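For reference, each letter of the sequence shown is one residue, going -33 to -1, 1 to 255 in mature numbering (1 follows the signal peptide of the UniProt record, and there is no 0).
Beta carbons: idealized from backbone N, C-alpha and C, even for Gly.
A quick note: this is a predicted structure, and the numbers were derived from the prediction, not measured.
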Amino acid sequence: MTFTLRKLASPRRLGALAGSVALCAVFCASASATPIALPQKYKEQGHLTIAADATYAPMEFIAKDGKTVVGADVDLGKAIAKKLGVKADFINASFDSIIPALQSGKYDMSMSSFTITKKREEVVDFVSYMTAGTSFYVKGKGGPKVNGLADLCGMSVAVEKGTTQAADAAKQSQECVAAGKKAVTVSVFPDQNGANLAIVSGRAQVGMADSPVAAWIVEESRGQFKLTGESYNSAPYGIAIPKNSGLAEPVLQALKEVIASGEYAKILHKWGITQGGIKDPAINPAVQ
């Protein structure tokens, strides 16, 4: 039986409204009443075009209508845009194409589970909004035990193109060879669904994805997958924004207001990703 992420799954709710109230006590602060200065360009167009690779549930994926992008990033993006007085138009795009498209001006920004790295900060600006690590997952029955990257020597791994996981697996393969061990066979796919299918079909033994995404994949697979080992390298997610656009500071201020209002905590609670919440978003934290 083949496996793909279900197009629209019921959000993992952790409890009643009291859960969101408790989370607000952790993440909320005093809301600012000062209007946010948005560059005239965005005021005039009345919307922000936001790119997302909609194969990465629960952060961004396609609804059951086959076209609408939904998920935690979408809800956060819409909340930020509302604070800025504009609408959020989410566009589905392949992950590895997004940063070049931001540089060319095709999109105004991207919310697509980007891990903030110094290399990426060289070409776009980021506003941090969550944290996530990387998790390993394997077949539910008969999948190998993986405790960390060093265990991947001699194994076959499926990852999405352009992700930090693809870079980590390739680097680990070099380290395996240098240590006299077998290389990691790294299979790179255009989207996360392709990586998942490779494991189901036996073309790969191990999958790697951001921790909230891997947890969702396992939960939605109905036993086809299981997590293995511990997550590693917790790092911030960032909203990617073209450099010199004048948009980074307004987005930061809008996000701070979303956090202060309690809506941020409610969105994380809705999608079952409260463990990744932050209190102090920043611009380009990897550089700092």
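Check whether residue i and residue j have beta carbons under 9 Å apart
i, j, result
"Met97", "Ala19", "no"
"Phe57", "Asp158", "no"
"Ala150", "Ser140", "yes"
"Pro209", "Leu69", "yes"
"Glu142", "Ala171", "no"
"Tyr204", "Ser95", "yes"
"Ala176", "Gly239", "no"
"Gly44", "Ile65", "no"
"Ile47", "Ala55", "yes"
"Gly107", "Gly190", "yes"
"Ala162", "Cys120", "no"
"Ala99", "Ser188", "no"
Which listed residue (the options) has its alpha carbon closest to that of residue i
i, options, result
"Pro111", "Ala117, Thr101, Ser102, Met122", "Met122"
"Tyr231", "Pro25, Pro2, Asp42, Gly38", "Asp42"
"Ala227", "Ser212, Ile245, Asp32", "Ile245"
"Gln242", "Leu222, Ala215, Val180", "Val180"
"Lys8", "Ala134, Phe28, Tyr23, Val53", "Val53"
"His236", "Gln12, Met26, Glu11, Pro2", "Met26"
"Ile206", "Lys31, Arg87, Ala136", "Arg87"
"Lys10", "Asp75, Asp32, Pro67", "Asp75"
"Val167", "Ala146, Gly147, Lys193", "Lys193"
"Ala215", "Pro248, Ser80, Glu127", "Pro248"
"Glu127", "Tyr23, Ile3, Gly13, Gln12", "Tyr23"
Integer-rounded CB distance, given that residue j should sit under 8 Å from residue i
i, j, result
"Leu15", "Pro217", "The Cβ separation is near 10 Å, so there is no contact."
"Ser178", "Thr131", "With 8 Å as the limit, Ser178 and Thr131 do not qualify as a contact, their Cβ atoms being about 12 Å apart."
"Thr35", "Ala253", "Rounded, the Cβ-Cβ distance is 32 Å, inconsistent with contact."
"Val91", "Val173", "Contact flag wrong, Cβ pair sits at about 30 Å."
"Gly115", "Gly169", "About 23 Å separates the two Cβ atoms, so there is no contact after all."
"Ala39", "Ile234", "6 Å"
"Val155", "Ala134", "Between Ala134 and Val155 the Cβ distance is about 10 Å, and since that is not below 8 Å, they are no contact."
"Asn251", "Phe93", "6 Å"
Identity of the residues DSSP links to residue i by a beta bridge
i, result
"Ala18", "Ile58, Ser77"
"residue 278", "In the structure as shown, the chain begins at -33 and stops at 255. Residue 278 is therefore absent and cannot be evaluated."
"Thr35", "None; Thr35 has no bridge partner."
"Ala4", "None; Ala4 has no bridge partner."
inquiry  = Suppose only complete runs of 3+ residues qualify. What are the beta strand (DSSP E) ranges in the region 125 to 162, listed by chain order?
reply    = 152 to 156, all fully within the region 125 to 162.
task = Please list the segments of the alpha helix (DSSP H) lying wholly inside the region 50 to 117, counting only runs of 4 or more residues, in order along the chain.
result = Qualifying alpha helix (DSSP H) stretches, in chain order: 62 to 71, 85 to 88.
inquiry  = Could you tell me which whole alpha helix (DSSP H) segments of length 4 or greater appear in the region 199 to 228?
reply    = For the region 199 to 228, whole alpha helix (DSSP H) runs of length 4 or above, ordered along the chain, are 215 to 228.
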